[in-house]
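Student: The opening residue of the sequence shown carries number 463 in our numbering; numbering runs sequentially from there. I have a structure here, written as structure tokens, and I will follow up with some questions on it.
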Amino acid sequence: LPADYTTRPLTVFLTGATGFLGAFILRDLLENTTRVKKVVCLVRAPSEEKALARLRDAASGRGVWDERWVEAGRLEVVKGDLDQERFGLETAVWDRVASEVDAIVHNGALVRKSFSVLFISHIFASGALGISVREIAVC
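Here it is as structure tokens:
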């Protein structure tokens with residue numbers, strides 16, 4: 463880790479922000495202005511605009527949305543999908559996010575309804591995002 467990792471504000475990559483727990487994680491991260499500079503949320507949607515709208519609706523529905531996060535540039539939403547290689551991000555977006563992110567909060571999961579398998583990604587960040595995905599059967 464860089465020498466200043468524990469003292470400087472971090473950019474955090476968050477998955478699962480549209481879920482119940484994710485909305486509260488997002489709020490808690492962005493309320494911590496001393497340690498968190500920015501949160502980048504991966505949201506499944508057909509466009510960046512719809513991804514932001516989906517996140518806004520989910521967090522608003524849980525009473526934790528603050529539009530000032532977007533206005534201040536502290537929240538970025540990228541459209542993607544945990545089920546895709548590199549989360550389905552375009553190469554330029556992947557490279558930029560990988561170079562900016564200091565920490566990852568992986569709260570997202572996919573449930574395959576057809577055969578009830580929960581995918582859990584173990585994410586390792588060492589200057590670039592690397593992903594190893596294992597399937598775990600859910601009873």
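In this text, a Cβ means the ideal position worked out from N, Cα and C, and glycines have one as well.
In whole angstroms, what separates the C-alpha of glycine 523 from that of valine 563?
Tutor: Glycine 523 and valine 563: Cα-Cα distance of roughly 28 Å.
Student: Mind pulling the beta strand (DSSP E) runs of 3 or more residues that sit fully within the segment 489-577?
Tutor: As far as the segment 489-577 is concerned, its whole beta strand (DSSP E) runs of at least 3 residues are 498-505, 537-541, 565-568, 572-574.
Student: What first and last residue would you give for the beta strand (DSSP E) that runs through leucine 472?
Tutor: Leucine 472 -> beta strand (DSSP E) spans 472-477.
Student: Look up glycine 484 in the DSSP assignment and say whether it is helix, strand or coil.
Tutor: Helix.
Student: Around the Cβ of alanine 534, are there at least 16 other Cβ atoms within 10 angstroms (buried) or fewer (exposed)?
Tutor: Under this definition alanine 534 is an exposed residue.
Student: Nearest by alpha-carbon distance to glutamate 552: which of Gly525, His568, Ser509 is it?
Tutor: Residue Ser509 is the option with its Cα nearest to glutamate 552.
Student: Does the pairing of the segment 545-560 with the segment 480-492 give three or more beta-carbon distances under 8 Å?
Tutor: No: the two stretches stay apart, fewer than three of their Cβ pairs being nearer than 8 Å.
Student: Taking 8 Å as the threshold (C-beta atoms), are valine 559 and valine 540 in contact?
Tutor: For valine 540 and valine 559, yes; Cβs fall inside 8 Å.
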